[in-house]
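Enquirer: I'd like to ask some things about the structure below.
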Amino acid sequence: MDSKPSLGSRLRILRQERELSQRGLAKRAGVSANAISLIEHDEISPSVATLQRLAGALSVKMSYFFDTTVETNVVHAKAGTRPAITSGGMTIEGLGSRLRDQVCDPFYVTLAPHADAGAGEVVHSGYEFICCIRGCVEYQIDGVTYLLNAGDFLLFKADLPHYWRNPTEENTELLLMLHAPEPTGDLARMHFVKHPSVVHMGQ
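In this text, residue positions in the sequence shown follow the working numbering: the first is 265, and each later residue adds one.
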């Protein structure tokens, strides 16, 4: 039996750790309180945009919602065994966030035809790297549109408003890497003993 906490449980634990009500988190993240409730009860899966807004509102990396296993020096993320979220024509697979002082969070994203990142543009700290593996993805960054085909990549400052979608009739697969400003490290663990999620801060 899998005893790992669900995404909804992790959100609830983190919200309570921050001493926020569902309404308070909803206001901070720009989503509805009802959506927070449904996510926490695992009745719906959030879009990428919603997940990034929640992560930003709670000051954690998005990988917090995927994996909380112990740190290691090597992460071997085999196909078919990676933690994943599927919602709205999109599957997001966590590729690993367990390296000591890790500042880059990789995700493998599959977009169904015409699927997108969710409602509205996204803004967060750090940098974003995208490599289109298969198909085609359209990125809008600060009002400029970039079309990526297989083998193309983008690297940009993530504090620029951005949005992405699959404009085609075929599935798109891409590698998404979110780079946090700086590592958290063991000092944060020592200073914030009652706040274990501090090791995920940076997104």
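Idealized CB from N, CA, C, for every residue including glycine.
As the structure is a computational prediction, the values presented were derived from the model and not from experiment.
V387: which of Q286, S327 and A321 sits nearest, CA to CA?
Expert: With distances taken between Cα atoms, V387 lies closest to A321.
Enquirer: Residue range of the alpha helix (DSSP H) that E335 falls in?
Expert: Element bounds for E335: n/a, residue is neither H nor E.
Enquirer: Using DSSP with H/G/I as helix, E/B as strand and the rest coil, what is Y303?
Expert: This sequence places Ile at residue 303; Tyr is not what is there. Helix, per DSSP.
Enquirer: Could you please give me the residues that DSSP links to K291 through a beta bridge?
Expert: According to DSSP, which records beta bridges pairwise, K291 is partnered with nothing at all.
Enquirer: Assuming C395 contacts F417 under a Cβ cut-off of 8 Å, what Cβ separation, rounded to an integer in Å, is found between them?
Expert: Their Cβ separation, rounded to whole angstroms, is 4 Å, which keeps C395 and F417 in contact under 8 Å.
Enquirer: What residues in its chain sit with their C-beta under 6 Å from that of R398, if we drop five residues either side in the sequence?
Expert: A414 and E437.
Enquirer: Secondary structure at N298, three-state DSSP: helix, strand or coil?
Expert: If DSSP states are grouped into helix, strand and coil, N298 belongs with the helices.
Enquirer: Quick one: what's P370 bridged to in DSSP?
Expert: BP columns for P370 point to M441.
Enquirer: For T490, which beta-bridge partners are listed by DSSP?
Expert: Residue 490 lies beyond the residue range present for the chain, which begins at 265 and ends at 467; the question has no answer from this structure.
Enquirer: Kindly confirm or deny that the region 312-327 and the region 335-345 touch, where touching means at least three C-beta pairs closer than 8 Å.
Expert: At 8 Å Cβ cutoff, the stretches do not touch.
Enquirer: Roughly how many angstroms lie between the CA atoms of R276 and W428, to the nearest whole one?
Expert: Each residue's Cα considered, the two are about 28 Å apart.
Enquirer: What is the residue span of the beta strand (DSSP E) that L419 lies within?
Expert: First-last of the beta strand (DSSP E) with L419: F417 to K421.
Enquirer: Using the Cβ count rule (16 or more neighbours within 10 Å means buried), how would you classify P370?
Expert: With 16 or more other Cβ atoms within 10 Å, it is buried.
Enquirer: On the three-state DSSP scale, how would you describe I277?
Expert: I277 falls in the helix class under three-state DSSP.
Enquirer: I need the straight-line Cα distance from F393 to S285, nearest angstrom please.
Expert: Going by the C-alpha atoms only, they are around 33 Å apart.
Enquirer: What's the C-alpha gap between E433 and E281?
Expert: Each residue's alpha carbon lies about 43 Å from the other.
Enquirer: According to DSSP, simplified to helix, strand and coil, what is V386?
Expert: Of the three classes helix, strand and coil, the one that applies to V386 here is strand, per DSSP.
Enquirer: I'd like to check one pair, L440 with V367: are the Cβ atoms closer than 7 Å?
Expert: No.
Enquirer: Go ahead and pull the three-state DSSP assignment for R317.
Expert: The answer is helix: DSSP assigns R317 an H, G or I state.
Enquirer: Could you check what DSSP says for P269 in three-state terms: helix, strand or coil?
Expert: Looking at P269 - three-state DSSP - the assignment turns out to be coil, as it is neither helix nor strand.
Enquirer: Name the residue from D406, N435 and R279 whose alpha carbon lies nearest to the alpha carbon of Y328.
Expert: Checked all of D406, N435 and R279; the closest Cα to Y328 is R279.
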